[in-house]
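**Q** The structure that follows is given in the form of structure tokens.
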Amino acid sequence: MTFNPPDAGSSPRRPFSTGRKRPKALIPTLVILVMLMFGFGVFTSFMTDLLWFRSIEYTDVFTTRLTTRIGLFVVFGLLMAVLVVANIVIAYRLRPAFRGMSAEQQNLDRYRVSIDPYRVWLVLGIGVVLGILGGTAAAGEWRTWLQWRHGTSFGVKDPQFNKDVSFYVFDYPWWRFVLGFFFAIVLVSLLAAAVTHYLYGGLRLQTPGEKSTPAAQAHISVLLGLFVLLKAVAYWLDRYGLAVHGGGFERVTGWTGLRYRDVHALLPAKTILVGIALICAVLFFANVWRRTWILPGLGLGLLVLSAVLIGGVYPAIVQQFQVRPSEVTREAPYIDRNIQATRTAYGIADAEVTEYDAKTTAEAGALRANANTTASIRLLDPNIVSPTFQQQQQIRGFYSFPDTLKIDRYNVNGKTEDVVAAVRELNLGDIPPAQRNWVSDHLIFTHGYGFVAARGNNVNSDGGPNYVSSGISSTNQLVGEYEPRIYFGEESPAYSIVGRSDGQNREFDYPDDSKPNGQSNNTYAGKGGVPIGNFWKQMLYAVKFREQKILLSSDVDSASKILYIRDPRARIGKVAPWLTLDGNPYPAIIDGRVQWIVDGYTTSGNYPYASRTTLGTATETTLTTADRRVIAPRDEVNYIRNSVKATVDAYDGTVSLYTWDEEDPVLKTWKKAFPDSVKEKSEIPSALMSHLRYPEDLFKVQREMMARYHVTDAETFYGRADFWQVPRDPGTGDSQAALGVASDTEAQPPYYLTLQMPGQKEPAFSLSTAFEPAGRQQLSAFMAVNATPGPEYGKLRVLQLPRNTTVPGPRQVQNEIKADPGVNAELLALRVGNKVTFGNLLTLPVGGGLLYVEPLYVQAATGTSFPLLQQVIVAFGDNIAIGRTLGEALDKVFDGDSGVTTPDETPSGGGNNNNGSSGGGQNVNAQIAAAIADAQKAYSDGQAALAKGDFAAYGKAQDRLEAALNKAANLQNRRGGGGGGGNSAPVATPTPAAPPDPTPAPPDPTPPADT
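Just so we're aligned, residue 1 is where the sequence shown starts under full-length UniProt numbering, counting upward by one.
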């Protein structure tokens, strides 16, 4: 047998050749797969968004925004692509037939040879890329387009150009964008044409002789002429831009608008530059026939020189030699324009400023005329008592309350009172990881449960909240029966899958001893959520949330719905992306349903002459955390209105937008763009109207402006000597430190409380703040806004103190309180084994002066503890007192008789407390005995449950035992003169035996393994 070696040119190379071809086929395949995956991701995002908008019946918002963005993308993308490609094609067609034999052209020949086979595809690729970039930039301006398209007149004209404010707010931004876009097209076209001309010999940078062909020169001249022509248009628009751009005092006041230098130097300079630019453009266009760069070059040089001399040097000379020697006289008319525009744009023009000669001497009976205000003083600090709510009303570890509770008003025993309220929300983070899986996180624990509220102006005998709505119940003292389940809230999980076709209740409600498994379950029956009962939708959401169990789990069936985007502000922001949203939503029970109420603002940064402010800075206080910041499409504004009141149903997620400011032109514009998305003001239910209030973030912005713009005289404003400042927070509580904010360096927050300002006929729920003189700490003014819907809603009242009267400000009062011997003596006793926390320092204009009230909270330094109100500090002038109740402290300050009776001097009654406290009328010893009896009963029940092996019942008994021990410890401390917050002080109570197993965690009704 003879071995014949294979042909050297065939067999050995065939497998090698095949192997080299595979990567070439693989790369396009991978690219196609990546593109398909990206495309499916985009499609998934589109479809799930569409399904979500359909589920809440706001499809029109989705389609309007989508079609607007697509339209802008297509139109401007095509403009960019077509015009740039057209210039490349023109440059190619104008290439010279003979390019010479220079070294430069020989080098370029190699590039031309490489490019020519792919020339068409390369040009198309450039067009596609530029079109995508240009279209994307234009699509991002959908708000600007819609405002320009539907702009509504303000009915106010600027004093310089006599144009309606709507031109600056709606038209000017759009024309600026269009002008900038065409600048980009011309510049890119110029660059592309120059490169093409150079590549094909139209431009010769290194070749001797003519540097450009006549055709190339004509083409470049036209493009340069278009650029200069656009510059002329820019100079013309710049004239109007002076009304909304920064002026001479912007670093101090955020000033915008023309000033003396602008009117007498810069404005004429812009007009002159328009003419020069037009002449220069004509010279470039004429160069198409003259074919010389001399005249266009001279014109361009003249334009540049004029821009420097006329547009820069001359205004500087006017400023230096005409304005500065007599600046206040020259600038006074323009400062006056800025003052008037700013006060109008921020809604503070109608503020009522009253001189208030505050007394500093306390006299007996001084508060008799202010009995209603004094009786309504809020003692319960919503920034301090969250841990108390948590310990007394949490029920189970997977429920929680926010760090800062909310202030609202309800009818309590026939009288409208301030209450501190919150909903019991789901917090999966507190469940031990070992007990968590996908089923429990997304199918079992789906919602919070219950609305909790306590009276704001008094507490129970142990210093705890006097609850008027509490416990696990679908009824409460405030409104009777209501829907307590919270499926949509600030702490809701990213998504939950609810509803079942087999009728089994799987969703956990609350612990219930009457049920076989020790808990009450529920199946969601609301209209909210996106149905995902088929394979297609399940696959979409499995991709969206990157969770295959949505597609594979048998617990997701034909009746299932998925709930997501559950935060109230996130839901409203998605259906009204043009709104700026307040950072402090609050829940209220309205017509038997818990509704989240959110204030929406319309804003602009182009109100002529009005000073700008930064929303993030203006609304920042010691209580502002990351999740409490204002949500805004733009941060820097100089016009703001509370134009919309929005609600989100906590059970089914329904979003409702209601018109509030019916005269706001910006809202009218957006209502034209999104018809039927905002309901009329007349459609606001009366039950909702009673819970609406003046928004906190708007008030913060207004007080920042009022600190400067209470000055209406131009010369006084220029001197800045009478400016105020918002007081720095005096560090009145540990809640600020818990939020991670240095309380002594941030602004003091405004406070909601019921008060009667001088001139008011009766007390009103209000939002208030104090002012200090700039750079000092005494009080200069006090401002409050009526926050109650009605004829005087939004009325700003300012009490301005005489400049020759020294009334201590919040920081000074806080320092005096901490230095007072009487207060220190009480603090010394309270701090034995306890932690003492100062509450909010409230300022009230009563008794002809300014009264400061500060609650004092105490809690045990170790063990399970929570703050309880034990003392109240009162300051009036130089008089400071501390008492067990507000009435006691007031009487000490006002010579033994303040003239009023406060609610905390009467028993708190048998309110719906559910926290183990008995009300204010019981004898302390009797309360201690009752608490010990409760502890004994809980201990006995626990031992009996332990003997039966019923660890669920044992855990509940332990909870009752702990609550009884805490209450007994508090009462023991009070009886002994110690701090009322010593929640872990020893009392004569039984000591339970250690169980053989740890206390059971929250019940986990999930199956042992994921389906």
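Note that the Cβ used here is the ideal one computed from N, Cα and C, for glycine as well.
Values in this document were obtained by computation on a predicted structure and should not be read as measured data.
Judging by CA-CA distance, which residue of Leu-552, Phe-451, Lys-527, Pro-608 is the nearest neighbour of Met-539?
**A** Leu-552
**Q** Can you check whether the CB of Ser-166 is closer than 9 angstroms to the CB of Thr-152?
**A** Going by C-beta atoms, Thr-152 is nearer than 9 angstroms to Ser-166.
**Q** If the criterion is Cβ atoms closer than 9 angstroms, does the pair Phe-76 and Gly-125 meet it?
**A** no
**Q** With DSSP run on the structure shown, which of helix, strand or coil describes residue 1020?
**A** Since the displayed the chain opens at 1 and closes at 1011, residue 1020 lies outside it and no answer follows.
**Q** Looking at the structure shown, is Gln-477 part of a helix, part of a strand, or coil, going by DSSP?
**A** coil
**Q** Ignoring anything shorter than 3 residues or poking outside the segment 522 to 595, list the beta strand (DSSP E) runs there in chain order.
**A** Entirely contained in the segment 522 to 595, the beta strand (DSSP E) runs reaching 3 residues are, in chain order, 561 to 564, 586 to 590.
**Q** With Thr-342 and Met-705 assumed to form a contact (beta carbons below 8 angstroms), what rounded beta-carbon distance in angstroms separates them?
**A** 6 angstroms
**Q** Beta-carbon within less than 6 angstroms of Leu-51's beta-carbon, same chain only, minus the 5 sequence neighbours each way: which residues are those?
**A** Val-530
**Q** Taking the straight line between their C-alpha atoms, what separation do you get for Ile-88 and Ala-192?
**A** 6 angstroms
**Q** Could you name the residues of the same chain whose beta carbon sits closer than 7 angstroms to that of Trp-660, not counting the 5 residues immediately before and after it, in chain order?
**A** Asn-642, Ser-643, Val-644, Lys-645, Lys-681
**Q** Could you round the C-beta distance between Gly-528 and Gly-365 to whole angstroms and report it? I think they count as a contact, below 8 angstroms.
**A** Not confirmed; about 56 angstroms, so no contact.
**Q** Once the 5 residues before and after Thr-196 are set aside, which same chain residues still bring their CB inside 7 angstroms of it?
**A** Ile-88, Ala-91, Tyr-92
**Q** Measuring straight from C-alpha to C-alpha, what distance separates Phe-62 and Thr-68?
**A** Spanning the two alpha carbons is a distance of roughly 10 angstroms.
**Q** Answer with buried or exposed for Met-783, where buried requires no fewer than 16 other C-beta atoms within 10 angstroms of its C-beta.
**A** buried
**Q** Looking at C-beta atoms only, is the number of pairs between the segment 269 to 278 and the segment 294 to 313 that lie closer than 8 angstroms three or more?
**A** With three or more CB-CB distances shorter than 8 angstroms, the segment 269 to 278 counts as touching the segment 294 to 313.
**Q** Opposite Lys-157 in the DSSP bridges: which residues?
**A** Asp-164
**Q** Name the two residues that bound the continuous alpha helix (DSSP H) containing Phe-62.
**A** 59 to 93
**Q** Please list the segments of the beta strand (DSSP E) lying wholly inside the segment 303 to 390, counting only runs of 3 or more residues, in order along the chain.
**A** 352 to 355
**Q** Just how far apart, CA to CA, sit Ala-316 and Glu-141?
**A** Approximately 35 angstroms, taken between the alpha carbons.
**Q** Can you list, in chain order, the residues of its chain whose CB lies under 8 angstroms from that of Ala-243, leaving out five sequence neighbours each side?
**A** Asp-158, Gln-160, Phe-161, Tyr-168, Thr-256, Gly-257, Leu-258, Pro-608, Tyr-609
**Q** Starting from Gly-887 and walking both ways along the beta strand (DSSP E), at which residues does that stretch end?
**A** Looking at the DSSP string, Gly-887 is not in any beta strand (DSSP E); the run it does join, the alpha helix (DSSP H), is 886 to 893.
**Q** What three-state label does DSSP hand Gly-297 in the structure shown?
**A** helix
**Q** May I ask you to report which of helix, strand or coil DSSP gives Thr-669?
**A** Three-state DSSP puts Thr-669 in a helix.
**Q** Look up Tyr-410 in the DSSP assignment and say whether it is helix, strand or coil.
**A** Strand at Tyr-410.
**Q** At which residue ranges does the segment 102 to 139 contain complete alpha helix (DSSP H) runs of 4 or more residues, listed in the order of the chain?
**A** 103 to 115, 119 to 139
**Q** Report yes if the CB atom of residue 1012 is closer than 9 angstroms to the CB atom of Pro-750, and no otherwise.
**A** Residue 1012 is absent from the model: the chain starts at 1 and stops at 1011.
**Q** Helix, strand or coil for Lys-679? Go by DSSP, reduced to three states.
**A** strand
**Q** Does the Cβ-Cβ distance between Gly-833 and Ala-860 come in under 9 angstroms?
**A** yes
**Q** Pull up the distance between the alpha-carbon of Tyr-200 and that of Phe-40, whole angstroms please.
**A** C-alpha separation (whole angstroms): 42 angstroms.
**Q** Which residue or residues does DSSP assign as beta-bridge partners of Val-836?
**A** Val-858
**Q** Measuring alpha carbon to alpha carbon, tell me which residue in Tyr-658, Tyr-601, Ile-185 is nearest Val-630.
**A** Tyr-601
**Q** For Lys-415, I'd like the list of residues in its chain whose CB is within less than 7 angstroms of its CB, leaving aside the five on either flank, ordered along the chain.
**A** The beta carbon of Lys-415 lies closer than 7 angstroms to none in the same chain, with the five residues before and after it left out.
**Q** Quick check on Pro-867: does DSSP put it in helix, strand or coil?
**A** coil
**Q** For Tyr-346, which option in Leu-36, Ile-932, Arg-693, Arg-612 has the closest C-alpha, if you only look at C-alpha atoms?
**A** Arg-612
**Q** Can you pull the DSSP bridge partners for Leu-426?
**A** Tyr-399
**Q** Within 10 angstroms of its Cβ, does Thr-475 collect 16 or more other Cβ (buried), or is it exposed?
**A** It counts as exposed.
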